[in-house]
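Enquirer: Dropping the structure in here first, questions after.
Numbering (our numbering), first residue to last: 22 to 180.
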C-alpha cells in the first residue's frame with residue numbers, strides 16, 4: 022500500500038474554493054484486510070484534519086462500504102481519495118471495474134446494502150466512468166475542525 026499526499030484537485034462545486042483544504046490519496050492493495058486498512062487510514066486522517074474520529078464514524082463506515090464494493094466486485098486493487106473543502110468532504114474510490122454500481126432495489130442475501138447505507142448516512146453518491154474503470158464519490162458535510170490536530174504521515178508503505 023502506498024499513501025501519498027496528492028496535489029489538490031479542483032472541486033466540482035463552483036461555490037467552493039478552487040484549492041482543497043486537505044487531500045489524501047491512498048493506493049490500496051487487493052485483499053481481505055483492505056477495508057480494515059482503509060478504515061484505519063481514514064480515522065487517522067479525519068482526526069488530524071476534520072474532527073475526532075469518534076465523531077466521524079459515519080465517514081469511516083462510508084469508506085468501508087465503498088472500498089468493500091470495489092474489492093468485492095473487481096478483485097483488484099483500488100485507490101481511496103479523501104478531499105476536504107471547508108465542511109464538504111469527498112470520499113472517492115477508484116477501481117478498474119467498468120460496471121457501474123446500481124441500487125439493487127431490495128437488499129438481500131447477495132448484497133445490495135452498501136449504496137443505500139451510504140446515502141442513509143448522508144453521502145450523495147455520484148459515479149464517474151473512466152477508460153478502464155470508474156470512481157465512486159460520496160460527498161457529505163462534516164463538522165468544522167475545532168482547531169489544529171496532529172498531522173498524519175504523508176507517505177507510508179505496507180508490505
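From the three backbone atoms N, C-alpha and C, an ideal C-beta is built for every residue, glycine too.
#1: For a minimum of 4 consecutive residues, which ranges assigned as the alpha helix (DSSP H) are wholly contained in the segment 50-129?
#2: Once DSSP output is grouped into helix, strand and coil, what is the label at residue 154?
#3: Compare the beta carbon distance of residue 81 and residue 104 with 7 Å and say whether it is the shorter of the two.
#4: Closer than 7 Å, CB to CB, is residue 156 near chain C or not?
#5: Just confirm the distance between the C-beta atoms of residue 100 and residue 46, as a whole number of angstroms; I'd bet it's less than 8 Å.
#6: For the alpha helix (DSSP H) containing residue 163, list its first residue and its last residue.
#7: Quick one: what's residue 149 bridged to in DSSP?
#8: Using C-beta distances below 8 Å, list every residue in its chain close to residue 110, excluding the 5 sequence neighbours before and after it, in chain order.
#9: Residues in the same chain with beta-carbon distance under 8 Å from residue 119, minus the five sequence neighbours each way, listed in chain order, please.
#10: Using CA atoms only, rank isn't needed, just tell me which of 86, 91 and 43 is closest to residue 137.
#11: Of all the options 43, 59, 84 and 44, which has the alpha carbon lying nearest to the alpha carbon of residue 50?
#12: Compare the Cα-Cα distances from residue 77 to each of 121, 108, 117 and 146 and report the closest residue.
#13: Please report the straight-line C-alpha distance between residue 157 and residue 114, rounded to a whole angstrom.
#14: Let's see if you can read the secondary structure: which residues bound the alpha helix (DSSP H) around residue 135?
Expert: On the basis of the coordinates in this document:
#1: DSSP runs (the alpha helix (DSSP H)) wholly in the segment 50-129: 55-70 and 78-95.
#2: Locating residue 154 in the chain shown gives position 133, counting from the first residue. It is a strand residue.
#3: Start at 1 with the first residue of the chain shown, and residue 81 comes out as number 60. Start at 1 with the first residue of the chain shown, and residue 104 comes out as number 83. Going by C-beta atoms, residue 81 is not nearer than 7 Å to residue 104.
#4: The structure shown has no chain C; it contains just one protein chain.
#5: Residue mapping note: residue 100 aligns to position 79 of the chain shown, counting from 1. Residue mapping note: residue 46 aligns to position 25 of the chain shown, counting from 1. That belief holds up - the Cβ atoms of residue 100 and residue 46 are roughly 7 Å apart, short of 8 Å.
#6: Position 142 of the chain shown, counted from the start, is the residue given in the question as residue 163. Neither: residue 163 is in no alpha helix (DSSP H) and is coded neither H nor E.
#7: In the chain shown, residue 149 corresponds to position 128, counting from 1. According to DSSP, which records beta bridges pairwise, residue 149 is partnered with 156.
#8: Taking the first residue of the chain shown as 1, we reach residue 110 at position 89. Annotation for residue 110: 71, 80, 103, 104, 160, 161, 162 and 163 place their beta carbon closer than 8 Å to its own, counting only its chain and skipping 5 residues before and after.
#9: As a first step, residue 119 must be located in the chain shown, where it is residue number 98. The beta carbon of residue 119 sits closer than 8 Å to the beta carbons of 150, 153, 154 and 155 from its chain, once the five residues preceding and following it are set aside; these are given in chain order.
#10: Locating residue 137 in the chain shown gives position 116, where the first residue counts as 1. Nearest option by C-alpha distance: 86.
#11: By 1-based counting over the chain shown, the position of residue 50 is 29. Closest by C-alpha distance to residue 50, out of 43, 59, 84 and 44, is 59.
#12: Counting from one through the chain shown, the residue named residue 77 turns up at place 56. Among 121, 108, 117 and 146, the Cα nearest to that of residue 77 belongs to 108.
#13: Sequence index remark: in the chain shown, residue 157 carries index 136 (1-based). Sequence index remark: in the chain shown, residue 114 carries index 93 (1-based). C-alpha separation (whole angstroms): 5 Å.
#14: As a working note, residue 135 is residue 114 in the chain shown. 135-141 is the span of the alpha helix (DSSP H), which, as asked, contains residue 135.
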